[in-house]
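Residue numbering for the sequence shown follows this note's numbering, starting at 332 and increasing by one per position.
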Amino acid sequence: MPWAVLSASLSRKLFVCLLLILLPVIALEAYNHDQESTRLESSALDHQMGMTRAMATLVQSEMEHARALVSHLARDPALRMGDRAPVRAYLQAIAPLHSEYLAITVLAPSGLELASSLVGDEEQPTLDGAIHGQFLPATPGDQVDISGVVPIANEKLKSMGKLATAIVSAQIQDGLAGGVAGRVQIALDFDHFRHLAEKAQLGEGQEIFLTDREARLAFSMARPALSWDERDLSWFEPIKVALRGIPGRFASVSSPLGDARMVAVHPVSEYGWVVGVSVARQVALAPAAERVRAQMLGLGGVTVIVLLVGAALAWNLVHPIGKMADCAQALARGELSRRVRIRTGDELESLGNCFNNLADQLHRAVASLQDRERHWRVVTTVTQALARELDLQRAAEAILYQTLSTLGADSAGVWAVDWSRRRLQLLIRRGPSPVPAKALGEIPLDAPFLAARAAATGELQVVEDTSVLAREFVEVQPLPEARGARSIVAVPLRVGTRIVGVISYVNREPRHYSERELETIHAVAGIFAVAIDNARLYRHAEELARAARSHAAELDAVIDNMAEGVIVANVQGDVVHINHKALSILGFGPGEATPRRLEDFSALLDIRYPDGQIVPAEECPLMRALRGEVLTEHELVLNARDGRRRDLLLGASSVRDESGRVALGIVVFRDITPLREMERQREEFVSVVAHDLRSAIAVVRGYGDYLIKRADDLGISEQIRAKIEVMARGSRRLERMISDLLDVSRLEARQLKVQKQWVDIAALAKGLVGYSEELTKGHAVRLSILGDVPNIQADSGRLEQVFTNLLSNAAKYSYPDSEILVRVEPAPGEVIVSVTNLGPGIPPEEVPELFTRFYRTKTAVADRVPGLGLGLYIAKGLVEAHGGRIWVESEPGKSTTFRFALPTA
332 MPWAVLSASL SRKLFVCLLL ILLPVIALEA YNHDQESTRL ESSALDHQMG MTRAMATLVQ
392 SEMEHARALV SHLARDPALR MGDRAPVRAY LQAIAPLHSE YLAITVLAPS GLELASSLVG
452 DEEQPTLDGA IHGQFLPATP GDQVDISGVV PIANEKLKSM GKLATAIVSA QIQDGLAGGV
512 AGRVQIALDF DHFRHLAEKA QLGEGQEIFL TDREARLAFS MARPALSWDE RDLSWFEPIK
572 VALRGIPGRF ASVSSPLGDA RMVAVHPVSE YGWVVGVSVA RQVALAPAAE RVRAQMLGLG
632 GVTVIVLLVG AALAWNLVHP IGKMADCAQA LARGELSRRV RIRTGDELES LGNCFNNLAD
692 QLHRAVASLQ DRERHWRVVT TVTQALAREL DLQRAAEAIL YQTLSTLGAD SAGVWAVDWS
752 RRRLQLLIRR GPSPVPAKAL GEIPLDAPFL AARAAATGEL QVVEDTSVLA REFVEVQPLP
812 EARGARSIVA VPLRVGTRIV GVISYVNREP RHYSERELET IHAVAGIFAV AIDNARLYRH
872 AEELARAARS HAAELDAVID NMAEGVIVAN VQGDVVHINH KALSILGFGP GEATPRRLED
932 FSALLDIRYP DGQIVPAEEC PLMRALRGEV LTEHELVLNA RDGRRRDLLL GASSVRDESG
992 RVALGIVVFR DITPLREMER QREEFVSVVA HDLRSAIAVV RGYGDYLIKR ADDLGISEQI
1052 RAKIEVMARG SRRLERMISD LLDVSRLEAR QLKVQKQWVD IAALAKGLVG YSEELTKGHA
1112 VRLSILGDVP NIQADSGRLE QVFTNLLSNA AKYSYPDSEI LVRVEPAPGE VIVSVTNLGP
1172 GIPPEEVPEL FTRFYRTKTA VADRVPGLGL GLYIAKGLVE AHGGRIWVES EPGKSTTFRF
1232 ALPTA
C-alpha cells in the first residue's frame, strides 16, 4: 500500500496528504468523544450509586418500622383474647394508620388465620393463610422475622394486582400461661417502595429495583408486572456481587430487559436485600452521542471544503508539472530546443524557468560531451594503435595519421630527446613541410625551433598566427618552422618529471585551438610519451635479457662442467637444473629421462644416513635447503640407480628473492667413495702395522721390565739400569700411541665397540685419581663428588681411557704446581664429569677445532708440548659411543674445563 501511494499521480498524492492532515483532527474528535463518554459514564454511575445508597437507607428504615410495629402488636393485650371478632375489629381499626402495608394478620397457635385487617375478608379460616400459601415457622420469644419475597395467595389482593410480598412476623406470647397465643404478620406492600422510589430524583431512563436475599425481585420500576419465575435474578452479576455485601457499579452489563445497561447496586444492611439503579447505556450516553453527531457534521463539512480546495490546488499544480513532464520527455527524445511556458506568477513559474535553464545547460553539456567523445575517440584510436603495433615507428605513423585527420592539421612530427647530447632526434614526420627534412632530423635544444623550446621549457607552445610572431617574440628571430606555416603547436612528451620527446602540429592557415582540442593534443602527447619511454625500456629490457641469457648460458656451462654434482629446485617442487656429473653420480644413464618434479625424483633414489637408516623425503638435503637451512660437509650414502653404493659429501643452501623469501634450493655433492676406500685401506694398513709394532714393543717392554727387576742379580750398573728404564718408559709411551692410532682407526671405520655394564662412576673416579700420579706429575688432583651419584651403564675400561686422556691433557697445559680439579655430579637423566686445570686457556676461535683428529693448538705447537692431537678426538668418540656428549669451557689466561655427560639409563 505505501508503495502504491508513492507511485500514484501527484493529484492523488495531494488528496492523500489532505486526508493525512484531516486524520489527526478526526482522531482528536474520536478521543474527545471517548473522554466525554467516559466522563458521562462515570458521572451517571456516581449518581446511580448515590441513589442506591439513599434507597437502601429508605428500605432499611421501612423494614425497621415494620419490625417495630410487629414487635408492638405481638405484645398488645388486644391480640391475646383469642376471639376472632374483637381481634378483626381491632386490626381493621388500626389498618388505616398503616396503609403502607397490604395487611395485618393474626394467626392462631394452630397456624390458621384468626383475623385480618382486610375488609371483607371474613371467610372461614383455612390453613392456606390469608396472604400467602406458605406456613412460616414460629420464631422463639419475641424475635421478629422478615421473610424473602413470597407469592400472594389471597385472591382479593391478586385482583388488586398484588402478586408478591414479604412477611414480617412475630409470636404473640400468652402472659398468664406463659405459652404462645398465636402469631402476628404484616405483609409489605412493594408498591409502597415503588412510590417512594418514584419520588426520588431519578435521571432520564433510570429505574430502581429491589431484591431479597435470595435474589428474588421484589419490584422493578422498568417491569412492574412479572411472573414468579421472572423474578429470579440469581444469575445477574451485579446482584451476586451485592449479595456478598459489596456495593458495586457496572459500566455495561446485559440486563434482564435484554439491553446493555449501566448498573449500581447496594446491599441493605442487616437484612441482606439489594437495591439497584440501572439505566440503558444508550440513554445515559445520549448527550455525548448528540455532540459527536454535531461535531462529525461540522467535520464533514470542513472535509468537503478541504477536498474542493485540494482539487483546485491539484489542478494548478499538476497541469504545469504535466507540461514540464512533456517537455522533459521531448528533451529525452533529443529535442533539445523544446522549452516549457508557465505563467502562474508563483513558484511553479520559477520552477519552469529553472527547467528551461537546465535545458539550456543540457544542450551545452551535450555539445560538450559530443566534443569530448570526439576527443576520446582520438585518444582511444591512438591507444589501440599502440596496442596493435609493437614497433614504435609503425605505431607513430598510425597515430599521426589519426590525429592529423581529427585535428585538421597539415603536417606533424615527433622527436625524441637525447639529453646526453641535448638534441632532438626526429622519429617520424607526416605531411608536407616548408622546412627540409635534413634540417629537422636533428635539432639542438637551444635552436630557434618551437619544438626545441617546448622540450627545453617543458611547456606547451602555441602560435595561432605566425604573422604576429615577430611582435610576440621580439627577443628572437622568426622561427624556422614559421616559413610557409601560419599556425604551430608543440607539445612536450612527459613521463613523470622527465621530458622524453616533442610532438608538433603545423597548419598552413591561422587557427584558434579550442580548450578541448588542446586537451586532446595533451592526451595524445601523454600516450605518445609513454610509448616512447616504453620502447626505450623494451630495448633496454631486451639488452638485459640477452645479457642474462648469455650469463645463464655461461653459468650452465660452468655448472655442467663442474667436477661436483649440482641440483637446483624451486619452491614449487620443480627440478630447475641438474648437471651431467649429478646424473652420473646418481646412476642415470646417458639420454635417460629424469623426472622434473622433486617428489618424483626423490622417489627414484635410495638415500641413507651413514648408519644405514633411510633419509625421509622431507629431510633430504634439497628439501631442507628449500626450508632455508644450510648444510656443510654433510655425509650421506646413496644406493644409485646403477646398483652401486656411493658415499656422498654434500652441502646445501638456498637462494632468496628481494623480499627475503626462499626462491631456490641448491645441493652440491661429490662422490667420496674412492676417498672412503683409500681411508679404509689406510686404516687396514695402520691396524696391521700397529699390531706388528705392538708385538715387537711388547717384547722390548717385557725384556726391559725383566732387566729392571733382575738388575741386581745380573750385576747391571746404575747407569745401564737408568737407560733400561728410559727404554721401558719409551716403549710404554709408544704402546699408548699405537693404541690411540688403533682407536682412531676404529672410530673412523665406525667399528669401535663398547661393552656396557653397571658402573659406579664415583668409585671409578676415586680409583683413577688415586693412581694418576704418573699422568699428572707435579700437579695435585682434587676429587669432588656432589650428591648421590647414580650408577650408569658404561664400559669401565673405555671410561678409564676418557679419564686418562682428560687428566693427561690437563697436566700438559696447567701452570706448574697448579691443582687439577675433578668433579662428579648428578643431573636430570645424566651424570656430569668435569676436569678443570689452571693454565693459559684456549682462544675462542680454536675451541670448535679441539676435538678434531690430529688438531693441536697453536700454543701446544709453539711450546713443543708432546702429543699427536688424538687424545681429545678419542675421548669425544668414546663419550658419544656411550650416547653422551662432551664440551669445553675456557677462559683465556685463567682456566679450562672439559665436561662430559653420560646418560643414567
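Backbone N, C-alpha and C define an ideal beta-carbon position, used for all residues, glycine too. Just so we're clear, the structure is a prediction, and the values are computed from it rather than from any experiment.
Check                                                                                                                                                                                       : Outcome
Which of helix, strand or coil does DSSP assign to Ile352?                                                                                                                                  : helix
Can you tell me the Cα-Cα spacing of Leu483 and His523, whole angstroms?                                                                                                                    : According to the sequence as given, residue 483 is Ile; it is not Leu. Rounded to whole angstroms, Ile483 to His523 spans 16 Å at the Cα level.
Within the same chain, show all residues whose beta-carbon is closer than 6 Å to that of Val511, passing over the 5 residues directly before and after it, in chain order.                  : Pro440 and Gln502
Identify, in the order they occur along the chain, each residue of the same chain with its Cβ nearer than 8 Å to the Cβ of Glu795, setting aside the five sequence neighbours on each side. : Ser818, Pro841, Arg842, His843 and Tyr844
Could you work out which residue in Gly534, Gly772 and Val837 is closest to Gln792 when comparing CA atoms only?                                                                            : Val837
By DSSP, does Val902 sit in helix, in strand, or in coil?                                                                                                                                   : coil
Please tell me whether Ala983 and Arg955 are closer than 8 Å, where the distance is taken between their beta carbons.                                                                       : yes
Tell me whether the segment 1136-1143 and the segment 1161-1171 touch, counting them as touching only if at least three CB pairs, one residue from each stretch, are closer than 8 Å.       : yes
Using only alpha-carbon positions, find the residue among Leu1114, Asp1074 and Leu1106 that is nearest to Ala1093.                                                                          : Leu1114
Do the CB positions of Ala434 and Leu449 come within less than 8 Å of each other?                                                                                                           : yes
Touching or not, the segment 824-836 and the segment 886-894, by the rule of three or more beta carbon pairs under 8 Å?                                                                     : no
For His965, does the three-state DSSP call read helix, strand or coil?                                                                                                                      : strand
So, using beta-carbon positions, are Ala375 and Met552 closer together than 8 Å?                                                                                                            : no
Distance, Cα to Cα, Arg411 vs Ser402?                                                                                                                                                       : 14 Å
On a CA-only basis, which of Ala854, Ser1226 and Leu875 is nearest Ser1149? Give me that one, please.                                                                                       : Ser1226
Whole angstroms is fine: what's the gap from Glu1156's alpha carbon to Val1020's?                                                                                                           : 41 Å
Which two residues bound the contiguous alpha helix (DSSP H) that contains Phe932?                                                                                                          : Leu929 to Ala934
Determine the direct distance from the alpha carbon of Leu616 to that of Gln366, and round the result to whole angstroms.                                                                   : 12 Å
Which residue wins for smallest C-alpha separation from Tyr421, given the options Glu431, Val437, Ser430 and Val820?                                                                        : Val437
Could you give the first and the last residue of the continuous alpha helix (DSSP H) run that contains Gln423?                                                                              : Arg415 to Ile425
What does DSSP give as the partner residue(s) for Arg976 in the beta ladder?                                                                                                                : Asn970
Tell me which residues share the same chain as Glu1220 and place their Cβ nearer than 6 Å to its Cβ, disregarding the 5 neighbours each side in the sequence.                               : Thr1228
I'd like the list of long-range same chain contacts for Val807, defined as Cβ closer than 6 Å, with 5 residues on each side in sequence excluded.                                           : With a pLDDT of 38 at Val807, under the threshold of 50, the modelled position of that residue is not reliable, and the figure given next carries that caveat. Cβ neighbours of Val807 beyond the five flanking positions: Pro779.
Is it true that the segment 890-907 meets the segment 998-1009, where meeting means three or more beta-carbon pairs spaced less than 8 Å apart?                                             : yes
Ile503 bridges to which residues according to DSSP?                                                                                                                                         : Gly513
Spell out a yes or no on whether the segment 1045-1053 and the segment 1023-1034 are touching, meaning 3 or more CB-CB pairs, one atom from each, closer than 8 Å.                          : no
Per DSSP, which one or two residues make a beta bridge with Asn1168?                                                                                                                        : Ile1151 and Thr1227
Compare the Cα-Cα distances from Ala866 to each of Arg1013, Gly920, Leu758 and Gly1160 and report the closest residue.                                                                      : Leu758
Suppose contacts are defined by Cβ-Cβ distances below 8 Å. Is Ala546 in contact with Leu519 by that definition?                                                                             : no
How is the beta strand (DSSP E) around Asp1091 delimited, first residue to last?                                                                                                            : Run containing Asp1091: none; DSSP gives neither H nor E here.
Please report the residue range of the beta strand (DSSP E) in which Phe919 lies.                                                                                                           : Careful: Phe919 lies outside any beta strand (DSSP E) and carries neither H nor E.
For Thr851, name the three-state secondary structure that DSSP assigns.                                                                                                                     : helix
Given this structure, state the Cα-to-Cα distance separating Ser490 from Phe521, to the nearest angstrom.                                                                                   : 15 Å
From what residue to what residue does the beta strand (DSSP E) around Arg829 run?                                                                                                          : Arg829 to Asn838
Go to Gln944, then tell me how far its beta strand (DSSP E) extends in each direction, as first and last residue.                                                                           : Gln944 -> no beta strand (DSSP E), and no H or E assigned at all.
Measure the beta-carbon distance from Gln379 to Gln537 and round it to whole angstroms, keeping in mind my assumption that it falls under 8 Å.                                              : 7 Å
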